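Chemist: Numbering (UniProt numbering), first residue to last: 1 to 445.
Note that CB positions come from ideal geometry on N, CA and C, so glycine has one too.
Remember, it's a predicted structure, so these values are computed and weren't measured experimentally.
Can you keep this structure in mind? I'll have questions shortly.
Quick look at the structure:
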């Protein structure tokens, strides 16, 4: 086994690691002890749920609270935690606890997992991330538990509080409210809404960004990556909240009957959750088409690189927009915060954006063939939610056919592990070519 791992490149090991966790989770959820009926989930449903949990998506074919025992729910929570942080972060922390030396191979794996530019300080960052994660989850869980204690027994409130804190910090979106309701009963609850929004945004910024913010008091400067993530996240959150507020203000099925403060909370939460958490306080099937299209847009973008979020990532989106504007201005260099973006990065941005769009379109088309009697926007919504590892659903996922479930499983896996990671796990990276062809040109536009 060790020989095999040494032969594999970091990308292949990451892909294999996620696959192994999913398979183990599938087996656990198939056990009779995992479900309320004492029969265990059918294989495909268990495989779907394990993939959704490990890939921190939140799409479900069966309701979590109504179907699983506490053992099953805690198994899902364990997969969420491992999938959100990444198995390499867990492995590294375990090695630190056992005082085992971290090899260069393992540092390269951490670099790949965090999407970092170098291996420098990877072990220290992994340790900080592990501690920060559990501190945030503890604080969020404690506040939510105190809030839930007003309406349920204390022991249940603690369980619910920490389950939802962990689920949302890892941008998973699994909930224990039952009946596929998610958090719709708490649309106007400032404590639940603001705590979960904080968990989602913090988990979706990216571990490199969090580490830089932690060190800011010493360094007094932020990298270009962190500046782009923070600024773009702020613009998308504020802009998204304003648009949702306008689109849903008079919609009697969603926000029309709410008070003004409740409408603001509902709009803010719905701007946050597509980044890519999956919990919802507004009924998804009743949203206006404007809000649905905005949600699809936000789900496709996702969160920060090296975070628990999915999508093409905010940095990819920002560089893409900047490249388009600079091209329209007739300028060659793409500049952000007075820094020129290298050509290699721009090419990766184009690759990620186009391949991501192609995957979403292809899955949408295939779902329209395998699943009948739904509007086109429903297929597009579910496909984007799976690719962005979001977990929001308009109601199609629980009704999926066998082929539809397999399609969404594959899409969730690609969305979490990453297109480039999967490609590099199969195709060996090649160095720079030692020769160049004569330049050519084609007419475009």
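Leaving aside the five residues before and after residue 180 along the sequence, list all residues of the same chain whose C-beta is less than 6 angstroms from its C-beta, in chain order.
Modeler: Closer than 6 angstroms at Cβ, skipping near neighbours: 63.
Chemist: Who pairs with residue 158 in a beta bridge, going by DSSP?
Modeler: Paired residues: none, contrary to the question.
Chemist: Quick one, are the C-beta atoms of residue 54 and residue 79 less than 8 angstroms apart?
Modeler: Their beta carbons are under 8 angstroms apart, which means residue 54 touches residue 79 by this criterion.
Chemist: Once the 5 residues before and after residue 73 are set aside, which same chain residues still bring their CB inside 8 angstroms of it?
Modeler: Result list for residue 73: 64, 65, 163 and 176, in chain order.
Chemist: Could you tell me the distance, in whole angstroms, from the CA atom of residue 157 to the CA atom of residue 272?
Modeler: Between residue 157 and residue 272, the C-alpha separation is close to 24 angstroms.
Chemist: What distance in whole Å lies between the Cβ atoms of residue 336 and residue 442, which are believed to be in contact at a cut-off of 8 angstroms?
Modeler: Going by Cβ atoms, the distance from residue 442 to residue 336 rounds to 29 angstroms, so no, they are not a contact pair.
Chemist: How about residue 276 and residue 310: are their beta carbons less than 8 angstroms apart?
Modeler: Going by C-beta atoms, residue 276 is nearer than 8 angstroms to residue 310.
Chemist: Could you work out which residue in 291, 266 and 338 is closest to residue 322 when comparing CA atoms only?
Modeler: The shortest Cα separation from residue 322 among 291, 266 and 338 belongs to 338.
Chemist: Are at least three pairs of beta-carbons, each pair with one atom in the region 278-296 and one in the region 233-248, less than 8 angstroms apart?
Modeler: The region 278-296, when compared against the region 233-248, does touch it at the 8 angstroms Cβ threshold.
Chemist: Would you identify the three-state DSSP class for residue 13, choosing helix, strand or coil?
Modeler: Residue state, collapsed to three classes: helix.
Chemist: With a CB to CB cut of under 7 angstroms and the five nearest residues on each side skipped, what residues in its chain are close to residue 20?
Modeler: Excluding sequence neighbours, residue 20 sits near nothing in its chain.
Chemist: Since residue 191 is in the beta strand (DSSP E), which residue starts that stretch and which ends it?
Modeler: Run containing residue 191: none in the beta strand (DSSP E); it sits in the alpha helix (DSSP H), 190-205.
Chemist: So residue 353 and residue 410 are in contact, right, with Cβ under 8 angstroms, and what is the actual spacing, rounded?
Modeler: The Cβ separation is near 20 angstroms, so there is no contact.
Chemist: Quick one: using the 10 Å Cβ neighbour count with 16 as the cut-off for buried, is residue 369 buried or exposed?
Modeler: Counting Cβ neighbours within 10 Å, residue 369 comes out exposed, since fewer than 16 surround it.
Chemist: Report, in whole angstroms, the separation of the C-beta atoms of residue 172 and residue 84, which I expect to be a contact under 8 angstroms.
Modeler: That pair is a contact at about 7 angstroms.
Chemist: In the DSSP assignment, what residue or residues form a beta bridge with residue 47?
Modeler: DSSP lists no partner for residue 47.
Chemist: Just how far apart, CA to CA, sit residue 75 and residue 347?
Modeler: If I take the Cα positions, the gap works out to 40 angstroms.
Chemist: Indicate the three-state DSSP secondary structure (helix, strand or coil) for residue 69 in the structure shown.
Modeler: The answer is coil: DSSP assigns residue 69 none of H, G, I, E or B.
Chemist: Does the Cβ of residue 263 have 16 or more other Cβ atoms within 10 Å, making it buried, or fewer, making it exposed?
Modeler: Counting Cβ neighbours within 10 Å, residue 263 comes out buried, since at least 16 surround it.
Chemist: Under a three-way DSSP split, which group does residue 436 fall into?
Modeler: Residue state, collapsed to three classes: coil.
Chemist: Ordered along the chain, which non-local residues of its own chain (more than five positions away) have a Cβ less than 6 angstroms from that of residue 140?
Modeler: Hits under 6 angstroms: 165, 195 and 199.
Chemist: Between which two residues does the beta strand (DSSP E) carrying residue 324 extend?
Modeler: Where residue 324 is concerned, there is no enclosing beta strand (DSSP E), although the alpha helix (DSSP H) it sits in stretches over 314-328.
Chemist: By alpha-carbon positions, which one of 148, 205, 281 and 69 ends up nearest to residue 187?
Modeler: Closest by alpha carbon: 281.
Chemist: Would residue 298 and residue 274 be called neighbours here (beta carbons separated by less than 8 angstroms)?
Modeler: Going by C-beta atoms, residue 298 is nearer than 8 angstroms to residue 274.
Chemist: Might you give, ordered along the chain, the residues of its own chain that have their beta carbon closer than 8 angstroms to the beta carbon of residue 421, omitting 5 neighbours on each side?
Modeler: These residues qualify, in order along the chain: 11, 14, 15 and 112.
Chemist: Who pairs with residue 341 in a beta bridge, going by DSSP?
Modeler: Bridge partners of residue 341: 334.
Chemist: How should residue 155 be labelled, buried or exposed, when 16 other C-beta atoms within 10 angstroms of its C-beta is the threshold for buried?
Modeler: Label assigned to residue 155: exposed.
Chemist: CB residue 383 to CB residue 364, shorter than 8 angstroms?
Modeler: For residue 383 and residue 364, yes; Cβs fall inside 8 angstroms.
Chemist: Quick check: the Cα distance between residue 210 and residue 440, rounded to an integer number of angstroms?
Modeler: About 45 angstroms.
Chemist: Does DSSP put residue 26 in a helix, in a strand, or in coil?
Modeler: It is helical.
Chemist: May I have the straight-line CA-CA distance separating residue 24 from residue 18, to the nearest angstrom?
Modeler: Distance between the alpha carbons of residue 24 and residue 18 is about 10 angstroms.
Chemist: Taking the alpha carbon of residue 236 as the reference point, which residue from 252, 222 and 205 has its own alpha carbon closest?
Modeler: Residue 236 has its Cα closest to that of 205, out of 252, 222 and 205.
Chemist: Using DSSP with H/G/I as helix, E/B as strand and the rest coil, what is residue 397?
Modeler: Here residue 397 sits in helix by DSSP.
Chemist: Would you mind working out which of 361, 376, 283 and 374 sits nearest residue 182, comparing C-alpha positions?
Modeler: Per the Cα distances, 283.
Chemist: So, helix, strand or coil for residue 35, using DSSP?
Modeler: If DSSP states are grouped into helix, strand and coil, residue 35 belongs with the strands.
Chemist: In three-state terms, what does DSSP make of residue 253?
Modeler: Reduced to three states, the DSSP call for residue 253 is coil.
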